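**Q**
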Ligand code: GLU
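Numbering (our numbering), first residue to last: 152 to 624.
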């Protein structure tokens, strides 16, 4: 990706904003304030790599302070620049508003290819980056809370947390300075799978919506839908395996750096991941055919195409060849604004990133709440609930003079663990948000698609936070 494609990305986000803003009554000044990126910290810092000093370029953009703290991941990628983090930070603002996560949007980026560094070097880069954020007050549980993004994960979050703690040991809420931490280090169960699981709940809702399926000429329900996935990183792999295990879909093609593969019988994602780990490639996976190139998978006939890699994957160039009925944006910004206009015209339903991949930040919010409350979810009520259910079961047995089997008893009398509560909170969030977006889509006359509807929901919520300015009632 070149610099100009990051400009395309930021431009797409802003054009999508303008298109949706026209469906609202929000005054221009408020719209300008919502759209503007509030602050960007651009950093260059030295890190010793081998026997040389390398100057690392990095960013943290805080798009909106209408709610605090600001929130968003940190990306490690060679193509990071100011425009990209600004675009991603803006998406975070809208995303948080859509799923009622009370944060402003932010995003960080370090312009490196993490594969070119040792673990030790990555740790030094991460710790130095965190130190720079601390120096400028760009991180903290009430200020700005990073999380994983492309090229980072729980390991990096643990380094960030530990660095923060070194400087701010007296801060009782220090663990809330970053989310996506390992469970053993104040993380939360279910965060790692959260974005993929959210994609599953979001697409399941759409496929259960009769009007939508009728429009596409598809059967109601996720079961048996033919799916193509681009990208097997954290989001793509969890999306694939959860949709396969719990949604009974058929994954007919997968695309990665090295190429793409196809099978009309279905590709088992967990087995494919194991195969790739052994061979270094998805190509040649037993039972599949290699397609001519990695782009070919996107252009296959299918029910749902899930881009789960990076931005700008579906552009005006390949949009005319897309034959999917639904595009589920698991990645941020995979469809450009130009492509979207063409796809909307072709009757394809695009489920927008700012809703569909919001599962990650939703569970980040749960993690942050856990950190501030200093207690695991379920700790207080699990056994109390379990005992109450046992009493019920006992009563039923007494009244019916019948014994309930051991397996049923276990199922009926279980109190909720942290993972149960996290999944339930995530499901509730995705279902409720989908209903809000669908309702807006149905009621706003001539609205062009679900992205504009999602934007309208977000803009209306954010503008309410500016009512204290006295301009907007
Ligand atoms: N990087 C993820 C995203 O783009 C997660 C952000 C977070 O959890 O704060 O939504």
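Even for Gly, the Cβ is constructed at its ideal location relative to N, Cα and C. Fair warning: this is a prediction, and the values are worked out from it, not measured in the lab.
Whose CA, out of 384, 371, 261, lies closest to the CA of residue 279?
**A** The sequence position of residue 279 within the chain shown is 128, counting from 1. Residue 279 has its Cα closest to that of 261, out of 384, 371, 261.
**Q** From the DSSP output, read off the bridge partner residues of residue 456.
**A** Sequence index remark: in the chain shown, residue 456 carries index 305 (1-based). In DSSP, residue 456 forms a bridge with 379, 478.
**Q** Assuming residue 285 is part of the alpha helix (DSSP H), what are its boundary residues?
**A** If you number the chain shown from 1, residue 285 lands on position 134. Element bounds for residue 285: 270-286.
**Q** What did DSSP end up calling residue 258 once you bin it into helix, strand or coil?
**A** Counting from one through the chain shown, the residue named residue 258 turns up at place 107. Three-state DSSP puts residue 258 in a strand.
**Q** Just list the residues that DSSP pairs residue 149 with in beta bridges.
**A** Nothing can be reported for residue 149, as the shown portion of the chain is limited to 152 through 624.
**Q** Straight-line CA distance for residue 624 to residue 342?
**A** Residue numbering aside, residue 624 sits at position 473 when the chain shown is read from its first letter. Residue numbering aside, residue 342 sits at position 191 when the chain shown is read from its first letter. Any reading at residue 624 is ruled out, since the residue's pLDDT is 49, under 50, leaving its predicted position unreliable.
**Q** Per DSSP, what kind of secondary structure is residue 196 in: helix, strand or coil?
**A** For the purposes of this step, residue 196 is taken as the residue at position 45 of the chain shown. Residue state, collapsed to three classes: strand.
**Q** Mind checking who residue 486 pairs with in its DSSP beta bridge?
**A** Position 335 of the chain shown, counting from 1, holds the residue named residue 486. 465.
**Q** Using only the heavy atoms of the ligand GLU, determine whether one of them is closer than 8 Å to the beta carbon of residue 536.
**A** What you label residue 536 is simply residue 385 of the chain shown in a count that begins at 1. Not so, every heavy atom of the ligand GLU lies at least 8 Å from the Cβ.
**Q** Quick one: using the 10 Å Cβ neighbour count with 16 as the cut-off for buried, is residue 295 buried or exposed?
**A** By 1-based counting over the chain shown, the position of residue 295 is 144. Residue 295 should be labelled buried.
**Q** Please state if the CB of residue 248 and the CB of residue 188 are separated by a distance shorter than 9 Å.
**A** Locating residue 188 in the chain shown gives position 37, where the first residue counts as 1. Locating residue 248 in the chain shown gives position 97, where the first residue counts as 1. Cβ distance not < 9 Å, so residue 188 and residue 248 don't count as in contact.
**Q** Whole angstroms are fine: how far does the CA of residue 613 sit from the CA of residue 356?
**A** In the chain shown, residue 356 corresponds to position 205, counting from 1. In the chain shown, residue 613 corresponds to position 462, counting from 1. Computed Cα separation, rounded: 25 Å.
**Q** What do you get for residue 542, buried or exposed, if any count of 16 or more other CB atoms within 10 angstroms of its CB means buried?
**A** What you label residue 542 is simply residue 391 of the chain shown in a count that begins at 1. Residue 542 comes out exposed.
**Q** Under DSSP, the alpha helix (DSSP H) around residue 211 begins and ends at which residues?
**A** Locating residue 211 in the chain shown gives position 60, counting from the first residue. Per DSSP, residue 211 belongs to no alpha helix (DSSP H); it is in the beta strand (DSSP E), 203-213.
**Q** Which residues in the same chain as residue 334 place their Cβ atom closer than 7 Å to its Cβ, once the five residues preceding and following it in sequence are excluded?
**A** The residue labelled residue 334 in the question sits at position 183 within the chain shown. These residues qualify, in order along the chain: 340.
**Q** Does the distance from the CB of residue 452 to the CB of residue 475 come in under 9 Å?
**A** For the purposes of this step, residue 452 is identified with residue 301 of the chain shown, where counting begins at 1. For the purposes of this step, residue 475 is identified with residue 324 of the chain shown, where counting begins at 1. Yes; because the gap between Cβ atoms is below 9 Å, this pair is in contact.
**Q** If the criterion is Cβ atoms closer than 9 Å, does the pair residue 384 and residue 459 meet it?
**A** Numbered from its first residue, the chain shown carries residue 384 at position 233. Numbered from its first residue, the chain shown carries residue 459 at position 308. Yes, these two residues count as a Cβ contact at 9 Å.
**Q** Can you tell me the Cα-Cα spacing of residue 520 and residue 439, whole angstroms?
**A** For this step, residue 520 is matched to residue 369 along the chain shown. For this step, residue 439 is matched to residue 288 along the chain shown. Rounded to whole angstroms, residue 520 to residue 439 spans 44 Å at the Cα level.
**Q** State whether the stretch 278-292 contacts the stretch 202-210, with contact taken as three or more CB pairs (one from each stretch) at a distance under 8 Å.
**A** Yes, they touch.
**Q** Roughly how many angstroms separate the alpha carbons of residue 257 and residue 223, rounded to a whole number?
**A** As a first step, residue 257 must be located in the chain shown, where it is residue number 106. As a first step, residue 223 must be located in the chain shown, where it is residue number 72. Cα to Cα, residue 257 sits roughly 5 Å from residue 223.
**Q** Consult DSSP for residue 441 and reduce its assignment to one of helix, strand or coil.
**A** The residue given as residue 441 occupies position 290 in the chain shown. If DSSP states are grouped into helix, strand and coil, residue 441 belongs with the strands.
**Q** Starting from the Cα of residue 454, find the closest Cα among 194, 377, 175 and give me that residue.
**A** Position 303 of the chain shown, counting from 1, holds the residue named residue 454. Cα-wise, what sits closest to residue 454 is 377.
**Q** If you measure between the beta carbons of residue 563 and residue 501, is that distance less than 9 Å?
**A** By 1-based counting over the chain shown, the position of residue 563 is 412. By 1-based counting over the chain shown, the position of residue 501 is 350. Contact: no.
**Q** Within 8 Å: the Cβ of residue 265 and any heavy atom of the ligand GLU?
**A** In the chain shown, the residue the question calls residue 265 occupies position 114. Residue 265 Cβ: outside cutoff for every heavy atom of the ligand GLU.
**Q** Evaluate residue 217 with the Cβ neighbour count: other Cβ atoms within 10 Å of its Cβ, from every protein chain shown; 16 or more gives buried, anything less gives exposed.
**A** For the purposes of this step, residue 217 is taken as residue 66 along the chain shown, with counting starting at 1. Buried.
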